[in-house]
Amino acid sequence: MQIWRKFSQILTLDKAAKKDGRNLIPTDISTIQNASVVFDDETIHWIGEDNDLPEKYLNIKSKSFEGHVLTPELVDGHTHLLFGGDRSLEYSMRLNGADYAEIAKTNGGILSTMRETNILESEKLFKVCIERIKTLINHGVGTIEIKSGYGLSFQKEYELSHIIYQLKQYFAPQVNIINTYMAAHAVPKEFLSSVDYMDKVVLPLMDKLNQEEIIDCVDIFHENGYFTYNDTEKLFDHAIKLGLPFKSHADEFSDNKGALLAATKGALSADHLLCTSKDGISALAKSKTVATLLPGTGFFLGKQQANARDFLDNGVRLSLATDYNPGSCHCDNLMMIASIAAPTLKLNQTELWSAITLNAAHAVGLTNQGAIVKGLAPRFSLFKAKNIDQITYHWGKNLAVNISKL
Ligand SMILES: [Zn+2]
Numbered sequence: 003m004q005i006w007r008k009f010s011q012i013l014t015l016d017k018a019a020k021k022d023g024r025n026l027i028p029t030d031i032s033t034i035q036n037a038s039v040v041f042d043d044e045t046i047h048w049i050g051e052d053n054d055l056p057e058k059y060l061n062i063k064s065k066s067f068e069g070h071v072l073t074p075e076l077v078d079g080h081t082h083l084l085f086g087g088d089r090s091l092e093y094s095m096r097l098n099g100a101d102y103a104e105i106a107k108t109n110g111g112i113l114s115t116m117r118e119t120n121i122l123e124s125e126k127l128f129k130v131c132i133e134r135i136k137t138l139i140n141h142g143v144g145t146i147e148i149k150s151g152y153g154l155s156f157q158k159e160y161e162l163s164h165i166i167y168q169l170k171q172y173f174a175p176q177v178n179i180i181n182t183y184m185a186a187h188a189v190p191k192e193f194l195s196s197v198d199y200m201d202k203v204v205l206p207l208m209d210k211l212n213q214e215e216i217i218d219c220v221d222i223f224h225e226n227g228y229f230t231y232n233d234t235e236k237l238f239d240h241a242i243k244l245g246l247p248f249k250s251h252a253d254e255f256s257d258n259k260g261a262l263l264a265a266t267k268g269a270l271s272a273d274h275l276l277c278t279s280k281d282g283i284s285a286l287a288k289s290k291t292v293a294t295l296l297p298g299t300g301f302f303l304g305k306q307q308a309n310a311r312d313f314l315d316n317g318v319r320l321s322l323a324t325d326y327n328p329g330s331c332h333c334d335n336l337m338m339i340a341s342i343a344a345p346t347l348k349l350n351q352t353e354l355w356s357a358i359t360l361n362a363a364h365a366v367g368l369t370n371q372g373a374i375v376k377g378l379a380p381r382f383s384l385f386k387a388k389n390i391d392q393i394t395y396h397w398g399k400n401l402a403v404n405i406s407k408l
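Take the sequence shown: its position 84, counted from the start at 1, is 86 in this note's numbering, and no numbers get skipped.
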């Protein structure tokens with residue numbers, strides 16, 4: 003049994019959890035001052051004001067956390083952090099006015115990431131990811147979803163899913179890694195069509211990895227020029243048959259009815275959603291599928307943002323993630339992205355914190371965490387601050403304390 007006492011504040015998100023993470027108003031925030039929490043490895047047993055701590059816990063050794071805030075665990079539910087190479091030069095070229103074609107001429111773009119990922123041996127990729135994950139952890143994140151998808155051949159994608167599995171073992175149990183299989187990231191040139199690639203690589207490899215019990219979830223880039231509505235439906239149906247959770251990159255550049263399809267089929271989340279129309283939003287609102295927005299990508303590329311209020315005001319469950327990847331959002335700080343995004347996307351404080359904890363957990367299938375209430379799993383993030391207001395206010399300053407080292 004662990005007894006953590008005297009936090010300046012605990013953000014419980016009790017009301018937000020009771021409201022299913024939807025239709026959240028500022029007074030739903032649920033905080034306790036001078037608060038304590040009692041838990042074991044599996045479950046939270048007690049939470050409340052320190053003055054009310056039951057007598058039976060008073061004689062057990064405890065830790066004191068004055069000057070700290072405890073929140074539900076930050077969850078980064080959308081990353082592509084398993085990649086080789088470095089595209090910093092390409093980013094500078096873009097800032098200096100180069101267009102996509104000029105970057106492609108210098109062998110840049112996603113093809114360069116594929117090339118660099120393919121030439122790196124497993125061991126090197128594993129090591130580079132360990133450092134990236136440590137940075138995310140230092141920013142307060144405790145659950146991280148990692149997608150494969152820069153190998154784009156049967157053999158390399160097999161290897162990438164295994165690397166994520168090894169990372170999962172390496173960081174467990176303090177840090178939870180969700181292994182998402184996304185060979186359906188782009189269609190390699192050597193295949194005749196997306197259907198050809200789906201049939202020869204994506205689906206057979208999914209079967210193999212599922213048999214080996216390596217992967218937790220599957221994902222697809224549902225977009226014009228990548229994978230069609232039919233490909234996506236086929237992938238979802240295959241996942242349903244195997245009993246695997248699934249999600250998609252939906253409606254990012256155009257309205258492909260991606261959110262509609264994901265919600266109708268029961269996906270964990272539909273991500274990006276810049277072009278989703280009313281039918282998609284109302285399907286999401288009626289479903290358990292979480293809308294995951296990735297505002298860092300818009301900031302990084304200087305492009306538009308999804309209209310978060312359209313989703314929120316219609317009762318959709320919304321989460322935010324980094325989209326950490328080498329091309330369109332090279333950022334490993336979820337708290338910073340959320341702090342900057344809140345005024346842009348017009349999120350209130352309850353929506354903001356729920357989007358990176360409670361709803362983000364649901365977006366990766368973790369329904370037994372996301373609020374600090376009795377009976378849920380003890381997954382927390384810790385910050386050196388007096389209250390949550392200080393954390394969102396001082397954007398870019400890392401106030402997180404690495405909880406796995408306690
Ligand atoms: Zn993505």
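Just so it is clear, CB atoms sit at the ideal spot from N, CA and C, and this is done for glycine as well.
Worksheet entry | Buried versus exposed call for D218 [16 or more other C-beta atoms within 10 Å across all chains shown] | Taking the first residue of the sequence shown as 1, we reach residue 218 at position 216. Here D218 is buried, its C-beta having at least 16 other C-beta atoms within 10 Å.
Fill in: Nonlocal neighbours in the same chain, by C-beta distance under 6 Å from T299, ignoring five residues either side
Counting from one through the sequence shown, the residue named residue 299 turns up at place 297. Once the five neighbours on either side are set aside, the close Cβ partners of T299 are D325, S330 and C331.
Practice prompt. Specify the secondary structure class of N53 as computed by DSSP and reduced to three states.
Written response: Counted from its first residue, the sequence shown places residue 53 at position 51. The answer is helix: DSSP assigns N53 an H, G or I state.
Item to complete: Within its chain, find whatever has a CB closer than 6 Å to the CB of F9; leave out the 5 residues flanking it on each side and keep chain order.
Response: Position 7 of the sequence shown, counted from the start, is the residue given in the question as residue 9. Cβ neighbours of F9 beyond the five flanking positions: A37, F67, H70 and L72.
Discussion item. Quick check on D273: does DSSP put it in helix, strand or coil?
Written reply: Translated into positions along the sequence shown, residue 273 becomes position 271. DSSP places D273 in strand when its eight states are reduced to three.
Fill in: Assigned exposure category for D233 - 16 Cβ within 10 Å defines buried
Locating residue 233 in the sequence shown gives position 231, counting from the first residue. Buried, because 16 or more other Cβ atoms sit within 10 Å of the Cβ of D233.
Worksheet item: Roughly how many whole angstroms lie between the Cα atoms of D78 and K191?
Response: Taking the sequence shown and counting its residues from 1, the one referred to as residue 78 is at position 76. Taking the sequence shown and counting its residues from 1, the one referred to as residue 191 is at position 189. Using only the alpha carbons, I get a separation of about 31 Å.
Item to complete: With DSSP collapsed to three states, give me the class of D209.
Response: Here residue 209 is taken as the residue at index 207 of the sequence shown, counted from 1. In this structure, D209 counts as helix in the three-state DSSP scheme.
Worksheet item: Closer than 6 Å: is that where the CB of D325 sits relative to any heavy atom of ligand 1?
Response: If you number the sequence shown from 1, residue 325 lands on position 323. A heavy atom of ligand 1 is found nearer than 6 Å to the CB of D325.
Practice prompt. Could you tell me whether the Cβ atoms of L154 and I146 are closer together than 7 Å?
Written response: Stepping through the sequence shown from its first residue, residue 154 is reached at position 152. Stepping through the sequence shown from its first residue, residue 146 is reached at position 144. No. Outside cutoff.
Practice prompt. Identify, in the order they occur along the chain, each residue of the same chain with its Cβ nearer than 6 Å to the Cβ of L205, setting aside the five sequence neighbours on each side.
Written response: Start at 1 with the first residue of the sequence shown, and residue 205 comes out as number 203. Excluding sequence positions up to five before and after L205, its CB lies within less than 6 Å of the CB of H240, all in the same chain and listed in chain order.
Fill in: Where the beta strand (DSSP E) containing F85 begins and where it ends
Mapped onto the sequence shown, residue 85 falls at position 83. Note, F85: premise wrong, no beta strand (DSSP E); not H, not E.
Worksheet item: CB-CB under 8 Å to Q168, same chain, minus the five flanking residues each way: which ones, in chain order?
Response: If you number the sequence shown from 1, residue 168 lands on position 166. Correct list, in chain order: F128.
Item to complete: Starting from the C-beta of N212, find all residues in its chain whose C-beta is less than 7 Å away, skip the five residues before and the five after it, and write them out in chain order.
Response: The sequence position of residue 212 within the sequence shown is 210, counting from 1. Counting only Cβ-Cβ distances below 7 Å, and skipping sequence neighbours, we find L244 and L246.
Practice prompt. Classify W6 as helix, strand or coil using the three-state DSSP reduction.
Written response: Here residue 6 refers to the residue found at position 4 of the sequence shown. In the three-state reduction of the DSSP assignment, W6 falls in the strand class, which pools E and B.
Worksheet entry | DSSP bridge partner residues for S38 (one or two, in chain order) | For the purposes of this step, residue 38 is taken as the residue at position 36 of the sequence shown. Checking the DSSP bridge columns, you'll see S38 partnered with G50.
Item to complete: Return the bridge partner residues of V292 from the DSSP annotation.
Response: The count along the sequence shown starts at 1 and reaches residue 292 at position 290. Per DSSP, the beta bridge partners of V292 are S271.
Worksheet item: Relative to the C-alpha of E159, which residue among L84, V130, T359 and K136 is closest?
Response: In the sequence shown, the residue the question calls residue 159 occupies position 157. When only C-alpha atoms are compared, the closest one is L84.
Practice prompt. Going by DSSP, name the residue or residues bridged to F248.
Written response: Position 246 of the sequence shown, counting from 1, holds the residue named residue 248. For F248, the beta-bridge partners assigned by DSSP are V220.
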